[in-house]
Amino acid sequence: MLAMDYRGPYRVRAEQKPMPEILHPEDAIVRVTRSCICGSDLHLYHGMVPDTRIGMTFGHEFTGIVVEVGSEVRNLAVGDHVIVPFNIACGKCHFCQQGLFGNCHESNSQATAVGGIFGYSHTAGGYDGGQAEYVRVPYADVGPTKIPAGMDLDDAVLLTDVVPTGYQAAEMGGIQRGDTVVVFGAGPVGIMAARCAWLFGAGRVIVIDHLEYRLDFARQYGPAEVYNFRSIEDPVYFLKKITDSLGADVCIDAVGGDAAGSALHTLLGTKLKLEAGAATALHWAINSVKKGGIVSIVGVYGPTGNLVPIGNVVNKGITIRANQASVKRLLPRLIEHVQAGRINPKALITHKVPLEEVSDAYHIFSAKLDGCIKPVLVPSSINVA
Amino acid sequence: MSPEALAAQQRIDPTQVVGWGVDADPANNPTYPMRDISKDSKGGLDWPRPALQPETVEVLRSTEHNRRTAVFGTSTPPSGVSGALRRQAFKSSEGKWSHWLILLAADRINVVEGVAADLLAGRVPNIPAEMGIKSEVAHNMPGLIRKVAVTGAVLTLAYALVRSRQGDGRRHPAPPTPR
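These protein sequences, in sequence, are chains A and B. Position 150 of the first sequence, counted from 1, bears residue number 150 in the working numbering, the numbering being contiguous throughout. Position 84 of the second sequence, counted from 1, bears residue number 84 in the working numbering, the numbering being contiguous throughout.
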């Protein structure tokens, strides 16, 4: 089968690989119909995540048709077309029982700091991902959800990560009616967080980024006030000035370790790898939020450490909430929102690329070329509707 | 002494502490989603485990896990020099910076191993294509020209510096040894 193949930082290619096999009674094999490249895949692509091995297949946002099931799978059958959450979760452990499907304790031997994730390095379990024609899906009765009748496949594939992560970013913010919410990052997750902030009753939604085309998109899609941090010089000062000097009620870090905007963080985090990514957005979020406010983090950072003003967290009485999205828990509500027309996920998709051209798709997304917001890979054997 | 034995020695019975639990408020819990105490496991790893996946490839295990997880990925088992480094990294806990920095170093060595594996298989990797040069040509030709020009200028400068040092050596021969 054809699959994405990681060859080193900034190098990937499409390669013939063996078909995946059932390795556990609760496994399923899924024929991939859509597979996105995620902003967090770029952390892998840029060589920032430890234990990213040559020859691995990335991809944690995919839909597909079940072609084989293990002996213990009860809820899925061959032919089912499913949304596959990016988390690999057993459904039974201490954490899954709490609804923390992103923190499963039975899916990642290599680390306790994160649960298993498809195609996201050995730090997240060493599973090959869905940027391929076929993929092995463990715990098939727990995560995969049948695509509702009539749902557009392009909407469905974004329910695997982008929509739940953006939604959870807003929900973790504990947004109350009338709150001012600042979202750092106008990537797909940041745009979705801005959209979802309104669902919780935000009174004002502000998005900060440095890419004009993405800010333009966020302005329309959010809708949101948008500001380019390149033109406002000091985002923290600026945000205080436009929020009556108090700061925002809620700040959301939807950027993570690939942030631009601070030479120091870029040098330490991105270039020298002495920080677990450039923590610029988190730094700004802590300093821009109101005293007693909430900082919600969904941006992805590495496992070591970051230079952020933790003293200000203490002195301002900030509550920090963060996690990988618990996709399975959120899916029923999010499907309702999509079906009711409150969220239009597929509008984020700007590029549909054949799997064979995975090298170019990664480069376009990484280098922010051609107005790219969200690229989707489609195996050539799948009819693109 | 093991961490478990040390903790057993020091453990305090909470019911013997004066005032234990008088201000407990389950609603005052900033977790997300809010922790449901009734669903907590009662004795650590006591949930009904899924069947165990047979270990068909080498799987490294965090020292912080008491046991291998029921399922695991089988992509790209550790091998070669990078694999030896990864095994070394997994001797320390996730709390050690060295654990992660050794893994990052192994990743870089693994890149060289990947190129060597390609060459040994009789394949010269098309690195520009792997880096998406086709899309760079299509969507960022000025940027590509700039990168090529900067790279060319740096290489030319480096070459000129090397040549000039060699030239200096010729123009300033070593002084004659005094007799």
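Beta carbons are placed, not taken as given, at the ideal position from N, Cα and C, and that holds for glycine.
Item, Value
"Contact list for leucine 104 of chain B against chain A, beta-carbon separation under 7 Å", "Pro50 and Lys273"
"Neighbouring residues, chain A, relative to isoleucine 127 of chain B (Cβ below 7 Å)", "Arg11"
"Where glycine 152 of chain B falls: helix, strand or coil (DSSP)", "helix"
"Extent of the continuous alpha helix (DSSP H) to which glutamate 212 of chain A belongs", "212-221"
"DSSP bridge partner residues for methionine 4 of chain A (one or two, in chain order)", "A/Ala14"
"Delimiting residues of the beta strand (DSSP E) encompassing proline 3 of chain B", "Run containing proline 3 of chain B: none in the beta strand (DSSP E); it sits in the alpha helix (DSSP H), 3-10."
"Interface flag, glutamine 97 of chain A vs chain B, CB-CB below 8 Å", "yes"
"Span of the beta strand (DSSP E), counted from its first residue to its last, around leucine 377 of chain A", "374-378"
"Proline 141 of chain B: contacting residues in chain A (beta-carbon distance under 9 Å)", "First, the residue type needs correcting, since residue 141 of chain B is methionine and not proline in the sequence shown. Neighbours of methionine 141 of chain B on chain A: none; closest Cβ ~11 Å, over 9 Å."
"Buried versus exposed call for serine 366 of chain A [16 or more other C-beta atoms within 10 Å across all chains shown]", "buried"
"Through-space distance from serine 245 of chain A to glycine 341 of chain A, alpha-carbon basis", "36 Å"
"Inter-residue Cα distance where the pair is arginine 204 of chain A and threonine 33 of chain A", "38 Å"
"Interface residues of chain A facing glutamate 4 of chain B [CB-CB closer than 9 Å]", "Under the 9 Å cutoff, chain A gives no residues; its nearest Cβ is about 16 Å from glutamate 4 of chain B."
"Proximity test, Cβ basis, 8 Å: methionine 195 of chain B and chain A", "Outside the modelled stretch of chain B, which goes from 1 to 179, sits residue 195 of chain B, for which no answer is possible."
"Residue from B/Lys134, B/Leu104 and B/Ser75 whose Cα sits closest to the Cα of serine 359 of chain A", "B/Lys134"
"Residue(s) in a DSSP beta bridge with aspartate 258 of chain A", "A/Ala278"
"CA nearest to the CA of leucine 100 of chain A, picked from B/Ala70, B/Thr31 and B/Gly21", "B/Thr31"
"Near-chain B residues of the segment 55-89 of chain A - C-beta to any C-beta below 8 Å", "Gly55, Met56, Thr57, Glu72 and Ile88"
"Closer than 8 Å to chain A by CB, tryptophan 20 of chain B", "no"
"Span of the alpha helix (DSSP H) around threonine 165 of chain A", "162-172"
"Members of the segment 325-337 of chain A that neighbour chain B once the beta carbon cut-off is set at 9 Å", "Ser326 and Arg329"
"Glycine 143 of chain A in three-state terms, based on DSSP", "coil"
"Endpoints, alpha helix (DSSP H) assigned at aspartate 155 of chain A", "153-158"
"Buried or exposed (CB count within 10 angstroms, at least 16 for buried), asparagine 388 of chain A", "This structure leaves residue 388 of chain A out entirely; chain A is present only between 1 and 385."
"Presumed contact (8 Å Cβ cut-off) between leucine 2 of chain A and alanine 111 of chain A, rounded CB distance", "Between alanine 111 of chain A and leucine 2 of chain A the Cβ distance is about 29 Å, and since that is not below 8 Å, they are no contact."
"Glycine 130 of chain A beta carbon less than 8 Å from that of serine 35 of chain A", "yes"
"Proximity of tyrosine 127 of chain A and cysteine 90 of chain A at Cβ, strictly below 8 Å", "no"
"Buried or exposed (CB count within 10 angstroms, at least 16 for buried), threonine 15 of chain B", "exposed"
"Backbone secondary structure at glycine 292 of chain A - three-state DSSP", "strand"
"Beta carbon proximity, alanine 70 of chain B to chain A, threshold 8 Å", "yes"
"Rounded C-alpha distance that separates isoleucine 320 of chain A from lysine 346 of chain A", "30 Å"
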